[in-house]
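Contents: one structure, followed by commentary.
Numbering (this note's numbering), first residue to last: 13 to 138.
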């Protein structure tokens, strides 16, 4: 009986030991899995942070590009305005010249009417 008891206890101990080892292994596996998951999450977070940083950089670059484009557009507009001003000035000068010519012709005609002598020519009047 004693031997039987010992054997049964030994068997029970063995079973318990095996179960305990299995449990420990499973727990270790679980812990490892958790650690891995945590690492993965950290990596994901890092990746997300990197992506966010990249996006921010891209946005900043885009903003800078937009600002540059706007500045370029402003410069172009200013150039166009100056060009238009010059053209307007030229047109005004042309108009003034035409007016001067008209006045000159009018004076010439007036002088011709004033002294209506047949021998005098336009060159003489001038």
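Beta carbons: idealized from backbone N, C-alpha and C, even for Gly.
message: Please state the DSSP three-state secondary structure of residue 13.
response: coil
field: Own chain partners of residue 50 with C-beta closer than 8 angstroms, once the 5 adjacent residues on each side are dropped
entry: Closer than 8 angstroms at the Cβ level, and outside the excluded window around residue 50, lies no residue.
message: I need the straight-line Cα distance from residue 125 to residue 113, nearest angstrom please.
response: 18 angstroms
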